[in-house]
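What follows is one structure encoded as structure tokens, with my remarks underneath.
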Amino acid sequence: DDLAVPLNAFPDHVSSAFRARLRQRFETTTLPAVRAALRDFGEYVANDYVPACRDSIAAADWPDGAAFYDYQLRVMTTTELTAPEIHEIGLREVARIRAEMMDVIRRTDFLTTVRTDLRSADDETLFAEFRTYLRTDKRFYYDTPEELVDGYRAICKRIDPWMIRLFKTLPRLPYGVIEIPSFMAPSQTTAYYDPGNLDNAKPGYYYVNTYALDQRPKYEMIALSLHESVPGHHHQISLAQEIDDLPPFRQQTYLTAFGEGWALYAERLGIEMGLYEDPYDDFGRLTYEMWRACRLVVDPGMHALGWSREKAVQFMLDNSALSELNINNEVDRYIAWPGQACGYKIGELKIRELRERAERRLGKAFDLREFHDVILTAGAIPLPVLGKRVDAWILRQVAPVQYD
3 DDLAVPLNAF PDHVSSAFRA RLRQRFETTT LPAVRAALRD FGEYVANDYV
53 PACRDSIAAA DWPDGAAFYD YQLRVMTTTE LTAPEIHEIG LREVARIRAE
103 MMDVIRRTDF LTTVRTDLRS ADDETLFAEF RTYLRTDKRF YYDTPEELVD
153 GYRAICKRID PWMIRLFKTL PRLPYGVIEI PSFMAPSQTT AYYDPGNLDN
203 AKPGYYYVNT YALDQRPKYE MIALSLHESV PGHHHQISLA QEIDDLPPFR
253 QQTYLTAFGE GWALYAERLG IEMGLYEDPY DDFGRLTYEM WRACRLVVDP
303 GMHALGWSRE KAVQFMLDNS ALSELNINNE VDRYIAWPGQ ACGYKIGELK
353 IRELRERAER RLGKAFDLRE FHDVILTAGA IPLPVLGKRV DAWILRQVAP
403 VQYD
């Protein structure tokens, strides 16, 4: 029984007699009670809860739902962008990324050695056939969990030396790459970051999923590692915790637009690290970027603009390289958590905008390491506040304060 899996993982110092007593108590008392509770809950959901649910998936159809969704967008993006504005930003980003994807496809060996018959195919056909190839060819997948974990660790070792070149301030807290426990893996995402704690000497951990190896493509691993470990979540969260002049609540604050926006920006830093020289890895980066751009389209689409669930699923099937299973899970998440998914891409776009502004204003005087310090060393802050912080930094570089 899956519920008993933890009983197979006792530490070595636990005696066999204690293990036997605990297993017996679990099987005779705990397990029957848990099964009965789960059965009762399942019957309640099926017989009472679901029949009483409304037909509409849109937050706008709730009592005061339109106002609630507007509020959710303000909270999750930390901006005043409206649902139609976010939707339009998403459509523009999808079109831009799709064009980049087609360019990358033509840089791979797909048309020269794999499917030479598609050289004159239209973009829609080529995109669909390329996605099928990525999902089905064994060259893109590891054979064992150990190989997959080793692959992630090797990527992180390639990233680590770049940190001192891109950042002035680095966190003291180390991080590790470990496997998601097997009993959790089937219900977990591809990877996630678990923050550490310097005071307790607990490192941060980048957890990777080795369940269903045919759903863990190699070409997504670089972007995913940049996002979850360094310079993404581990770097940003650990650094905030170690800024002594921030009050504790600021050290621990997490804002979706800032934290996830930074992690998406971190994926893009892989270009400057030279990590995407293989066009398949570059396509993996764009796959992740497209995924977040699609969110800007389908989330307000469903909650404010009258889109059905089926339309949202089809849009993501048409434009992303995610599996149908993942897309269905994603869309259900957007339905259940209105607005949250919009924070990621809006945050990334803002950070990129601020960097472009600083590069344009400062020219050769632009210091990327200084810029990254300005972004990160105030902890997680709303995007408008971040913009003012960067603008103030630019002014200080252009016109340094003079002291008599």
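For the sequence shown, the numbering used here assigns the number 3 to the initial residue and increments by one for each residue that follows.
All residues carry an ideal CB built from backbone N, CA and C; glycine is no exception.
Residue span of the beta strand (DSSP E) that contains Asp196, given as start and end: Here residue 196 is taken as the residue at index 194 of the sequence shown, counted from 1. Residues Ala193 to Asp196.
Residue environment, Lys204, which counts as buried when at least 16 other CB atoms sit within 10 Å: Along the sequence shown, one-based indexing puts residue 204 at 202. Lys204 should be labelled exposed.
Whole-number beta carbon distance between Arg56 and Asp50, since they are thought to touch under 8 Å: Sequence index remark: in the sequence shown, residue 50 carries index 48 (1-based). Sequence index remark: in the sequence shown, residue 56 carries index 54 (1-based). The Cβ separation is near 15 Å, so there is no contact.
Per DSSP, the bridge partner or partners of Lys204: As a position in the sequence shown, residue 204 is number 202, starting the count at 1. Lys204 is bridged to Asn199.
Start and end residues, beta strand (DSSP E) containing Tyr290: To locate residue 290, count along the sequence shown from 1; it is residue 288. Looking at the DSSP string, Tyr290 is not in any beta strand (DSSP E); the run it does join, the alpha helix (DSSP H), is Pro281 to Ala306.
Neighbour flag for Arg174 against chain D, beta carbons, 8 Å: Absent here is chain D; the protein component of the structure consists of one chain.
Where Glu181 falls: helix, strand or coil (DSSP): Counting from one through the sequence shown, the residue named residue 181 turns up at place 179. Residue state, collapsed to three classes: strand.
Any 3 or more C-beta pairs closer than 8 Å across the region 108 to 117 and the region 172 to 185: no
Expected contact under 8 Å - CB spacing of Ile348 and Ala259 to nearest Å: Stepping through the sequence shown from its first residue, residue 348 is reached at position 346. Stepping through the sequence shown from its first residue, residue 259 is reached at position 257. That belief holds up - the Cβ atoms of Ile348 and Ala259 are roughly 6 Å apart, short of 8 Å.
Reduced DSSP category for Tyr346 - H, G, I as helix; E, B as strand; rest coil: Here the question's residue 346 lines up with position 344 in the sequence shown. Helix at Tyr346.
Where the alpha helix (DSSP H) containing Thr127 begins and where it ends: Here residue 127 is taken as the residue at index 125 of the sequence shown, counted from 1. Where Thr127 is concerned, the enclosing alpha helix (DSSP H) stretches over Asp125 to Thr138.
Validate contact between the region 296 to 314 and the region 78 to 94 using beta carbons, cut 8 Å, 3 pairs: yes
Tyr209, DSSP secondary structure in three states: Along the sequence shown, read from residue 1 onward, the residue named residue 209 stands at position 207. Here Tyr209 sits in strand by DSSP.
Where Ile166 falls: helix, strand or coil (DSSP): The residue labelled residue 166 in the question sits at position 164 within the sequence shown. It is helical.
Where Phe43 falls, given that 16 or more other Cβ within 10 Å makes a residue buried: What you label residue 43 is simply residue 41 of the sequence shown in a count that begins at 1. When all chains shown are included, Phe43 counts as exposed.
Three-way DSSP call (helix, strand, coil) for Ala323 in this model: The residue given as residue 323 occupies position 321 in the sequence shown. Looking at Ala323 - three-state DSSP - the assignment turns out to be coil, as it is neither helix nor strand.
Assigned exposure category for Asn321 - 16 Cβ within 10 Å defines buried: Taking the sequence shown and counting its residues from 1, the one referred to as residue 321 is at position 319. With 16 or more other Cβ atoms inside 10 Å of its own Cβ, Asn321 counts as buried.
Helix, strand or coil at Cys158 according to DSSP, with G and I counted as helix: Position 156 of the sequence shown, counted from the first residue, corresponds to residue 158. Looking at Cys158 - three-state DSSP - the assignment turns out to be helix.
Every unbroken beta strand (DSSP E) within the region 13 to 85, with a cutoff of 3 residues, ordered by chain: none
At least three beta-carbon pairs within less than 8 Å, the region 102 to 115 to the region 250 to 259: no
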